[in-house]
Amino acid sequence: MTVSGSRGRRERLRAETTAEIKQVALSLMAEGGPDAITLRAIAREMGMTANAIYGYFPTRDDLVTTLINDVYTALADAVDTAWETTPSAEPAVRIEAWADAFRTWALVNPEGFRLIYGDPVPGYRAPEGGPAPDAARRVCTGLTALAAAAWPYARDYYQDSLFDWSDFDPGLLAKVRPAFPDLPPAAVALALRIWGHLHGLVSLEIYGHMRTQTASPEKLFQEELAQLIRTLGLPRQR
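Per my numbering, the sequence shown starts with residue 790, numbered consecutively.
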């Protein structure tokens, strides 16, 4: 075997082991909650020594940061693709596509959803700037894009809004104002309202709170989405 072939095999095996470590970590979290993610527990599940795991992730926080970045990026990719592949002339359809992509991703990746939006991993210290700054920015600006698309039709409903820029977290404004410099504070507040509509029902579904309430959580989500579209005054192309 050539040196380059041997190196390629080692790199492939390392990538496969890294992927398995991350999958086992998410499985442990699904079974025992965020505090079940420990390098020793993962090592036991994989039949490895703890020292061997440290060769891939020096600390538990390094692993958690990688997991959050991976799943958050996957979510950002899913909603961005839904938005970008829907005609911009149809804002109602674009908002529906983004919302459906968000819910679909969450249902396929419930552990990832919990890792991003659920209870924090006990003792975890995120790196400066957060564990997934690019993905967080993309999802945040994606949500604001929903409000921006609706704003020409919805602005009259929010003429009496009392929101001012001082009402928002500086970190939020640092993401959305450069991307949408013409949006007023009321439109940013609208983005948060839209987020509440979408995230609320999906979170209830992911955490099992809908299971005993309705056999049709998708129907409930779609009707809530349709009502949101109506309240925004968005037209539909015929």
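All C-beta atoms in this analysis are idealised placements derived from N, C-alpha and C, irrespective of residue type, glycine included.
Minimum C-alpha distance to residue i - residue among the options
| i | options | result |
| --- | --- | --- |
| V853 | Q1011, R914, G907, R944 | R914 |
| A963 | E809, A925, T855 | A925 |
| P970 | A934, W984, T1001 | A934 |
| T1019 | I983, T1003, T848 | Sequence check: residue 1019 is Arg here, not Thr. For the residues I983, T1003, T848, the minimum Cα distance to R1019 belongs to I983. |
Neighbourhood of residue i by C-beta, 8 Å cutoff - its chain only, sequence neighbours within 5 removed
| i | result |
| --- | --- |
| P911 | P823, D824 |
| I810 | I831, M835, I842, Y845, F846, L852 |
| N898 | V860, A863, L864 |
Any chain D beta carbon closer than 8 Å to residue i
| i | result |
| --- | --- |
| I857 | The displayed structure is made up of one protein chain only, and chain D is not part of it. |
Span of the alpha helix (DSSP H) around residue i
| i | result |
| --- | --- |
| A915 | It is not in any alpha helix (DSSP H) - A915 carries neither H nor E in the DSSP assignment. |
| H986 | 974 to 995 |
| A924 | 922 to 943 |
| L1014 | 1006 to 1020 |
| T854 | 849 to 873 |
| P970 | No alpha helix (DSSP H) holds P970; DSSP gives it neither H nor E. |
Alpha-carbon to alpha-carbon, residue j and residue i
| i | j | result |
| --- | --- | --- |
| R801 | S877 | 41 Å |
| R833 | E1013 | 44 Å |
| Y996 | G901 | 12 Å |
| R927 | V965 | 10 Å |
| A968 | P959 | 14 Å |
| W887 | A881 | 10 Å |
| K1008 | A1015 | 10 Å |
| M818 | D889 | 25 Å |
| L951 | D850 | 41 Å |
| Q948 | G931 | 24 Å |
| D866 | Y946 | 32 Å |
| V813 | E820 | 11 Å |
| Q1011 | T855 | 33 Å |
| A1004 | L972 | 39 Å |
| W894 | C929 | 16 Å |
| S816 | G907 | 15 Å |
| T848 | E879 | 47 Å |
Sequence-distant residues of the same chain with beta carbon closer than 7 Å to residue i, five excluded per side
| i | result |
| --- | --- |
| F891 | V868, L987, V991 |
| Y861 | I905, A921, A924, A925 |
| P1006 | E994, M999 |
| R1025 | A881 |
| R829 | A839 |
| L1021 | A939, Y942, A943 |
| T807 | Y845 |
| I857 | L904, I905, P920, A921 |
| T875 | V882, R883, A886 |
Simplified DSSP assignment, three categories, for residue i
| i | result |
| --- | --- |
| P812 | Looking at the sequence provided, one finds Gln at residue 812 rather than Pro. The answer is helix: DSSP assigns Q812 an H, G or I state. |
| A825 | helix |
| N898 | coil |
| T838 | coil |
| P880 | helix |
| S950 | coil |
| A804 | helix |
| G960 | helix |
| L1023 | coil |
| T1003 | coil |
| G797 | helix |
| Y845 | coil |
| D889 | helix |
Cβ neighbours of residue i in the same chain (closer than 6 Å, five flanking residues each side left out)
| i | result |
| --- | --- |
| W954 | P974 |
| R1027 | The predicted position of R1027 is uncertain, since its pLDDT is 47 and thus under 50; a value taken from the coordinates is nonetheless stated next. Around R1027: no qualifying Cβ. |
| L1017 | H986 |
| L979 | A936 |
Proximity test, residue i beta-carbon vs the ligand SAM heavy atom, cut-off 7 Å
| i | result |
| --- | --- |
| T893 | By its list of ligands, the structure shown contains no ligand whatsoever, and the ligand SAM lies outside what it can speak to. |
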